[in-house]
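Contents: one structure, followed by commentary.
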Amino acid sequence: GFSWTLPDHPKLPKGKTVAVVVLDGWGEASEDQYNCIHVAETPTMDSLKKGAPEKWKLVKAHGTAVGLPSDDDMGNSEVGHNALGAGRIFAQGAKLVDTALASGKIFEGEGFTYIKECFDQGTLHLIGLLSDGGVHSRLDQLQLLLNGASANGAKKIRVHFLTDGRDVLDGTSVGFVETLENDLSQLRAKGVDACIASGGGRMYVTMDRYENDWDVVKRGWDAQVLGEASHKFQNAVEAVKTLRAETKTNDQYLPPFVIVDDSDKAVGPIVDGDAVVTFNFRADRMVMIAKALEYEDFDKFDRVRVPKIRYAGMLQYDGELKLPSHYLVSPPEIERTSGEYLVKNGIRTFACSETVKFGHVTFFWNGNRSGYFDETKEEYVEIPSDSGITFNVKPKMKALEIAEKARDAILSGKFDQVRVNLPNGDMVGHTGDIEATVVACKAADEAVKMILDAIEQVGGIYVVTADHGNAEDMVKRNKSGQPLLDKKGEIQILTSHTLQPVPVAIGGPGLHSGVRFRNDVQTPGLANVAATVMNLHGFEAPADYEPTLIEVVDQ
Ligand code: 3PG
Ligand code: CO
5 GFSWTLPDHP KLPKGKTVAV VVLDGWGEAS EDQYNCIHVA ETPTMDSLKK
55 GAPEKWKLVK AHGTAVGLPS DDDMGNSEVG HNALGAGRIF AQGAKLVDTA
105 LASGKIFEGE GFTYIKECFD QGTLHLIGLL SDGGVHSRLD QLQLLLNGAS
155 ANGAKKIRVH FLTDGRDVLD GTSVGFVETL ENDLSQLRAK GVDACIASGG
205 GRMYVTMDRY ENDWDVVKRG WDAQVLGEAS HKFQNAVEAV KTLRAETKTN
255 DQYLPPFVIV DDSDKAVGPI VDGDAVVTFN FRADRMVMIA KALEYEDFDK
305 FDRVRVPKIR YAGMLQYDGE LKLPSHYLVS PPEIERTSGE YLVKNGIRTF
355 ACSETVKFGH VTFFWNGNRS GYFDETKEEY VEIPSDSGIT FNVKPKMKAL
405 EIAEKARDAI LSGKFDQVRV NLPNGDMVGH TGDIEATVVA CKAADEAVKM
455 ILDAIEQVGG IYVVTADHGN AEDMVKRNKS GQPLLDKKGE IQILTSHTLQ
505 PVPVAIGGPG LHSGVRFRND VQTPGLANVA ATVMNLHGFE APADYEPTLI
555 EVVDQ
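Numbering (UniProt numbering), first residue to last: 5 to 559.
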């Protein structure tokens with residue numbers, strides 16, 4: 005029968021302290037002026053790279069290697085950390101929603117049946133990120149949902165969108181809103197009362213994560229539920245264009261607005277008897293709004309009016325909280341993660357990041373599960389992130405503080421695994437500010453050094469890797485890799501992640517001298533890291549895990 009007990013590794017010892025460092029948004033790309041990692045002073049990572057091919061290698065962090073629908077899909081932190089922690093490749097939310105929409109099963113499931121009850125009397129509200137980024141949501145999925153819902157009886161539909169500019173180029177929101185407007189007018193031609201009701205930028209409205217700033221969610225609530233915002237427009241395309249020009253904000257940070265009718269009345273507040281679907285499949289930035297929509301007891305902000313609605317998520321966003329309780333598509337069942345195995349085999353684990361990435365090294369790492377497996381063996385430390393700023397203003401973020409916590413945890417002797425996420429390359433990379441991203445990369449490199457020094461002191465082992473690319477490429481390129489110029493002859497800043505591979509480096513005084521990277525693993529990817537880490541703790545990985553990246557040669 006099934007057993008949590010991991011077999012002993014035939015050659016590698018137990019009892020070494022292993023530091024697992026995830027550099028968020030740290031890929032490998034050609035070395036030019038738009039590669040902030042290359043431009044930055046990164047002596048620690050440079051020295052690790054010299055260990056290639058035996059102690060440093062590149063692995064895939066995007067596309068099918070991490071469970072995304074196609075190899076055109078860039079990597080992201082959710083799927084990256086899922087793969088790193090779970091050691092296997094699961095069909096991820098994007099893929100599962102595609103499948104459910106293609107077969108039409110989504111419209112027969114429990115979630116849809118539940119919200120459908122409202123279609124006779126109430127309005128169907130759809131809230132989510134409007135782009136084709138494929139990280140949190142996808143426009144084509146929204147389109148299929150709109151058509152399917154109306155075909156299945158929705159008579160009145162209101163869309164509350166969040167503009168992107170983070171997983172896609174800034175400025176593209178206008179085109180996405182135009183497309184949506186066109187789709188909605190086609191529905192109206194079929195007799196469905198369908199229109200846009202509100203909008204706002206994803207980083208300023210609704211899509212906060214890990215409870216960094218509840219004001220973000222409140223601004224969304226006010227516009228979407230209460231129908232209140234200081235900016236009012238009759239047309240959403242005009243709203244986005246005007247707000248971009250007049251408030252000098254980019255797509256990510258557009259202020260909230262509501263669409264009003266001729267008499268200045270909001271066209272789509274959420275009221276008793278309505279149905280609501282949050283159409284993002286990715287969890288982290290939907291958990292907070294899901295709580296606001298679903299929880300009776302809620303004290304994070306004053307909701308003013310709490311409509312009696314039927315609410316469903318595109319997916320269930322937190323498997324442990326069972327949040328939301330209704331959902332259109334079942335999430336991937338990511339069970340038996342490496343974190344759970346290792347804790348059950350006595351590995352005392354410390355995990356740390358700052359707020360904006362805290363859930364990445366805990367929740368995502370553990371298969372979208374919040375909380376401890378065994379609180380006597382684990383400690384998760386969250387360092388509060390700066391809130392209310394864009395991270396190009398403080399590009400060092402909390403890298404130093406995270407490294408200090410990791411150092412102290414390593415030196416304390418109380419932990420076998422010390423795991424951190426260093427957010428700088430990603431969070432600053434997303435702002436599109438190249439100079440600040442260079443500073444960010446340097447700060448992350450210094451943090452790695454502090455952790456490696458502590459590992460040196462205790463005779464431990466380190467594994468340094470990344471979840472996906474970002475800071476290594478800050479410009480949109482043509483097929484041959486040259487920067488793509490826009491109509492004005494200017495480069496287009498790439499705020500998003502990339503398709504680039506990421507490094508895995510191993511070392512430290514505790515590393516058995518015969519350990520080196522194998523060169524016979526077919527298309528190594530992030531999912532191969534979990535078995536590798538298990539080996540370094542002295543265990544064999546479970547048979548169904550993706551193979552380890554290392555071998556032990558006799559000298
Ligand atoms: C975000 O949510 O910030 C971006 O869409 C993706 O970034 P992450 O996958 O690195 O968190
Ligand atoms: Co990112």
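Cβ atoms here follow ideal geometry from the backbone N, Cα and C, with glycine treated the same way.
**Request:** Kindly confirm or deny that the stretch 495 to 502 and the stretch 453 to 461 touch, where touching means at least three C-beta pairs closer than 8 Å.
**Result:** Result no; under three Cβ-Cβ pairs closer than 8 Å.
**Message:** Given this structure, state the Cα-to-Cα distance separating Lys398 from Cys40, to the nearest angstrom.
**Reply:** Each residue's Cα considered, the two are about 16 Å apart.
**Prompt:** What residue does the alpha helix (DSSP H) around Trp218 start on, and which one ends it?
**Reply:** Taken as a continuous stretch (DSSP letters only), the alpha helix (DSSP H) holding Trp218 covers Trp218 to Gln228.
**Request:** Specify which residues have a beta carbon nearer than 6 Å to any heavy atom of the ligand CO, listing them in chain order.
**Result:** Those residues, listed in chain order, are Gly29, Ser81, Asp430, His434, Asn474 and His501.
**Request:** Please report the residue range of the beta strand (DSSP E) in which Pro507 lies.
**Result:** Counting along the chain, the beta strand (DSSP E) containing Pro507 begins and ends at Val506 to Gly511.
**Presumed contact (8 Å Cβ cut-off) between Lys61 and Val508, rounded CB distance** = Indeed, because the Cβ distance is near 6 Å, the residues count as touching under 8 Å.
**Request:** Return the residue from the list Ala23, Ala198 and Arg289 that minimises the CA-CA distance to Gly514.
**Result:** Of the candidates Ala23, Ala198 and Arg289, the one whose C-alpha sits nearest the C-alpha of Gly514 is Ala23.
**Prompt:** Leaving out five residues before and five after residue 3 in sequence, what residues of the same chain have Cβ atoms less than 7 Å from its Cβ?
**Reply:** The question about residue 3 has no answer here: the residues shown for the chain are numbered 5 through 559.
**Prompt:** Asp266: which of Ala294, Gly203 and Phe237 sits nearest, CA to CA?
**Reply:** Nearest option by C-alpha distance: Phe237.
**Prompt:** Do Ile554 and Thr536 have their C-beta atoms closer together than 7 Å?
**Reply:** Yes; because the gap between Cβ atoms is below 7 Å, this pair is in contact.
**Request:** Can you grab the Cα-Cα spacing for the pair Thr46 / Leu52, in whole Å?
**Result:** For Thr46 and Leu52, the distance between alpha carbons rounds to 10 Å.
**Prompt:** So, do the stretch 162 to 176 and the stretch 242 to 260 have three or more beta carbon pairs nearer to each other than 8 Å?
**Reply:** Contact between the stretch 162 to 176 and the stretch 242 to 260 is present, with at least three C-beta pairs closer than 8 Å.
**Message:** If distances are taken between C-alpha atoms only, which option among Thr435, Val506 and Tyr208 comes closest to Val479?
**Reply:** The option with the nearest alpha carbon to Val479 is Thr435.
**Request:** Write down every uninterrupted run of the alpha helix (DSSP H) in the stretch 64 to 140 whose length is 4 residues or greater and which is fully enclosed by it, in chain order.
**Result:** The stretch 64 to 140 contains these whole alpha helix (DSSP H) runs: 81 to 90, 97 to 107 and 114 to 120.
**Prompt:** Any chance the CB of Arg142 is under 6 Å from a heavy atom of the ligand 3PG?
**Reply:** Checking every heavy atom of the ligand 3PG against the Cβ of Arg142, none is found closer than 6 Å.
**Prompt:** Beta carbon of Ile406, beta carbon of Ile387: below 7 Å?
**Reply:** Closer than 7 Å, so yes.
**Prompt:** Heavy atom of the ligand 3PG less than 6 Å from the Cβ of Val347, yes or no?
**Reply:** Placement of the Cβ of Val347 at a distance of 6 Å or more from every heavy atom of the ligand 3PG is found.
**Asked** What number of angstroms, rounded off, separates the C-alpha of Trp225 from the C-alpha of Tyr208?
**Response** Trp225 and Tyr208: Cα-Cα distance of roughly 12 Å.
**Request:** Just grab the DSSP bridge partners of Gly205 for me.
**Result:** Answer by DSSP bridge pairing, in chain order: Thr167.
**Message:** Quick check: is any heavy atom of the ligand 3PG less than 6 Å from the C-beta of Val139?
**Reply:** The ligand 3PG has a heavy atom closer than 6 Å to the beta-carbon of Val139.
**Prompt:** Helix, strand or coil: which one does DSSP assign to Val424?
**Reply:** Strand.
**Request:** Under the assumption that Pro551 contacts Asn532 (Cβ atoms under 8 Å), give the Cβ distance between them as a whole number of angstroms.
**Result:** Between Pro551 and Asn532 a beta carbon distance of about 6 Å is seen, short of the 8 Å cut, so the two are scored as contacting.
**Message:** Assuming the contact rule is C-beta atoms closer than 8 Å, Pro311 and Val229 should be a hit. Round their C-beta distance to whole Å, please.
**Reply:** Between the beta-carbon of Pro311 and that of Val229 there is about 7 Å, and that keeps the pair under the 8 Å contact cut.
**Asked** Does at least one heavy atom of the ligand 3PG sit under 6 Å from the Cβ of Asp306?
**Response** No, the Cβ of Asp306 stays beyond 6 Å of every heavy atom of the ligand 3PG.
**Request:** Determine contact between the stretch 281 to 300 and the stretch 145 to 157, defined as no fewer than three beta-carbon pairs at a distance below 8 Å.
**Result:** Yes, since at least three Cβ pairs between the stretch 281 to 300 and the stretch 145 to 157 fall closer than 8 Å, the two stretches touch.
**Asked** Any chance the CB of Asp171 is under 6 Å from a heavy atom of the ligand 3PG?
**Response** Using a cutoff of 6 Å, the CB of Asp171 counts as near the ligand 3PG, since one of the ligand's heavy atoms is closer than that.
**Asked** Across which residues does DSSP place Asp288 in a beta bridge pair?
**Response** As DSSP reads the structure, Asp288 sits in no beta bridge.
**Asked** Considering only residues of the same chain and omitting the five flanking positions on each side of Ala201, which have a CB-CB separation below 6 Å?
**Response** Taken in chain order, the residues that qualify are Arg162, His164, Ile263, Val271 and Gly272.
**Prompt:** Going by DSSP, which residues form a beta bridge with Glu383?
**Reply:** In DSSP, Glu383 forms a bridge with Phe354.
**Request:** Give the secondary structure of Gly317 by DSSP, where H, G and I count as helix, E and B as strand, and everything else as coil.
**Result:** Correct three-state label for Gly317: strand.
**Message:** Rounded to whole angstroms, what is the Cα-Cα separation between Gly493 and Thr176?
**Reply:** Cα to Cα, Gly493 sits roughly 17 Å from Thr176.
**Message:** For Gly98 and Glu337, what's the separation of their Cα atoms in angstroms?
**Reply:** At residue 98 the sequence reads Ala, which differs from the Gly that was named. About 14 Å.
**Message:** Based on DSSP bridge pairs, tell me the residues matched to His235.
**Reply:** As computed with DSSP, His235 is found in a beta bridge with Phe261.
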